[in-house]
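In our numbering, the protein residues as written are 2 to 180. The structure appears right after this line, and notes come after that.
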């Protein structure tokens, strides 16, 4: 029994493995080592988390909601967007009665335009009231979706507001998807 107690530490010491040491020959240039795959994944996960925090920050949401090219005066919101960046979706909100949104699409050169208004409000009274074409002509009214042939190239305006022929809430948030 005493002999077996003496053998246990010897077995433990003999089973302990030392890491193999490899000699790296010295070279004139810098040695580049690869990062383990788990480190790369951890870094990209951290970046996604940081991006998520930035994208959900109140200041970022305000910029995304208002946009860079946005002016508001006397109940009319004017947003300007470059049509070369199509398709895109814009978020907006009417806070007062009788507000109107004019979405100006500059550099429009496509043969037709397709746009849609989406909202989570149940009885939201909103539609495309008019479209102004590059040649200066106006047409309308339309519903919440529009597909229209655009003659020529230039600036196209989508004018969005309430329908005078319908009832419902005229305040709330909505999005406009343009293709």
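Every residue gets a Cβ at the ideal spot worked out from N, C-alpha and C, and that includes glycine. If you're wondering where the values come from, they're calculated on a predicted model, not measured in any experiment.
Residue 90 and residue 172 have their alpha carbons spaced roughly 19 Å apart.
Residue 167 and residue 144 have their alpha carbons spaced roughly 11 Å apart. Each of 131, 88, 136 was checked against the Cα of residue 162, and the nearest Cα belongs to 131. Sorting 98, 84, 88 by C-alpha distance to the C-alpha of residue 78 places 98 at the top. Under the 10 Å beta carbon count, residue 86 is surrounded by fewer than 16 other beta carbons and is classified as exposed. Residue state for residue 171 is assigned as coil, using DSSP reduced to three classes. With a 10 Å radius around the Cβ and a threshold of 16 neighbouring Cβ atoms, residue 107 comes out exposed. Straight through space, the alpha carbons of residue 169 and residue 95 are spaced by roughly 13 Å.
Its Cα nearest to that of residue 109, the residue 156 stands out among 73, 156, 93.
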